[in-house]
DNA sequence: GTAATTGCAAATGTTTTGCATACTG
DNA sequence: CAGTATGCAAAACATTTGCAATTAC
């Protein structure tokens with residue numbers, strides 16, 4: 001993360017905390033910092049391990065509490081890729097994108113399509129709501145299968161998830 | 162559910178079971194029947210209670226096992242509306258639709274937009290996958306608030322969820 | 001008959017809660 | 001110094017698993 005980004009997201013957090021009369025605790029800034037230093041999707045347990053490895057003394061409860069706050073501040077977005085495990089991703093300055101999940105290897109791919117915004121506008125006007133965020137997931141089968149009928153990505157042990 | 166629908170979905174299930182060499186147990190037909198007799202979204206616990214109330218002797222494990230099978234057969238679709246609770250819905254002959262979830266009262270609204278299919282096609286071709294199903298959720302704030310700042314639907318105790 | 005499927009109960013994994021302690025404003 | 005936020009442990013909750021009994025084929 002660039003110094004510029006670091007300052008920008010911290011400013012957003014500070015403004016949010018002040019506006020909502022929450023305290024500026026060191027944990028909040030540490031969590032924000034860890035999240036923005038990481039690329040890709042993460043879950044709370046992963047973030048907990050990451051922070052433990054980085055010397056921090058944090059509890060899972062604090063992570064659960066503060067991820068909610070960061071979501072509300074628009075600094076983080078939440079995903080659910082079909083499993084009962086919430087996944088998160090930093091949100092500031094990252095291009096809106098959606099996901100396609102392989103039915104076979106569960107790897108997650110990203111794509112962009114501006115038409116989603118048109119659909120959003122239609123839904124907003126039709127139902128009289130202002131959308132704060134959306135989640136579009138395609139669950140799909142890979143067209144390229146290996147001899148054993150397994151998708152071509154399955155060789156990769158680690159998942160994008 | 163009409164007799165016609167009942168027969169149609171049972172045929173789909175029978176074909177699926179035969180094709181995949183699974184047994185035609187009475188539980189499987191009972192579950193299918195209950196699901197198709199119910200309108201709206203349900204979770205496993207709700208289905209369990211529904212079936213218990215209807216004299217059936219079923220276990221949660223069987224419901225979890227068979228909902229997976231019905232999903233695979235395309236007879237049921239699965240949703241996750243931001244919570245760690247899987248919700249389901251019958252799928253046969255029901256028009257494709259997507260959801261908007263109120264941030265405030267958590268009520269779920271439905272809408273249709275054919276443009277989602279164009280996005281799907283784009284994603285399929287770009288990533289070389291065949292989409293089996295999708296999930297599009299908008300999380301949104303109601304434009305019409307009551308004096309207390311609470312959304313206009315909050316009065317309704319029961320949720321569409 | 002035999003192997004898949006079931007019900008039940010225990011186990012798992014994620015998230016929430018209760019409470020005493022620490023720290024912000 | 002008042003009350004919010006924290007860490008830790010226990011509780012809650014949805015889902016999965018193990019296993020003996022049942023049932024489809």
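Protein chains in written order, with the numbering used here: chain S, 1 to 161; chain H, 162 to 322.
Beta carbons are placed, not taken as given, at the ideal position from N, Cα and C, and that holds for glycine.
Runs of beta strand (DSSP E) with 3 or more residues, each lying fully within the segment 192-272 of chain H, are found at 237-240, 248-251, 259-263 and 269-272, listed in chain order. Out of S/78, S/143 and S/65, the CA that lies nearest to the CA of residue 289 of chain H is found in S/143. Contact with chain H is absent for residue 19 of chain S, since none of that chain's Cβ atoms lies less than 9 angstroms from the residue's Cβ. Under the Cβ distance rule, residue 249 of chain H does not count among the residues neighbouring chain S, no pair being separated by less than 9 angstroms.
The segment 233-246 of chain H and the segment 292-311 of chain H touch, with no fewer than 3 CB-CB distances between them shorter than 8 angstroms. Looking at the DSSP output, residue 301 of chain H shares a beta bridge with S/131 and H/263. Taking 9 angstroms as the CB threshold, residue 243 of chain H lines the interface with chain S. Beta bridge pairing from DSSP links residue 306 of chain H with H/312. DSSP places residue 5 of chain S in the helix class (H, G or I) of the three-state scheme.
Contact check for residue 76 of chain S and residue 89 of chain S: beta-carbon distance about 7 angstroms, within the 8 angstroms limit, so the pair qualifies. About 5 angstroms separates the beta carbons of residue 141 of chain S and residue 291 of chain H, which is inside the 8 angstroms limit, making them a contact pair. With the rule of 3 Cβ pairs closer than 8 angstroms, the segment 111-130 of chain S does not count as touching the segment 167-181 of chain H.
Secondary structure of residue 274 of chain H (DSSP, three-state): coil. Residue environment analysis places residue 97 of chain S among the exposed positions, since fewer than 16 neighbouring C-beta atoms fall within 10 angstroms of its C-beta. Within the segment 129-149 of chain S, contact with chain H at the beta-carbon level (separation under 8 angstroms) is assigned to 129, 130, 131, 132, 133, 134, 135, 136, 137, 138, 139, 140, 141, 142, 143 and 144.
From the listed residues S/69, S/99 and S/53, the smallest Cα separation to residue 19 of chain S is found for S/69. Chain H places no beta carbon closer than 9 angstroms to that of residue 68 of chain S, leaving this residue out of the contacts. In the three-state reduction of the DSSP assignment, residue 19 of chain S falls in the helix class. Taking the beta carbon of residue 115 of chain S as reference, the chain H residues within 7 angstroms of it are 276, 279 and 280, listed in sequence order.
In the structure shown, the three-state DSSP call for residue 11 of chain S is helix.
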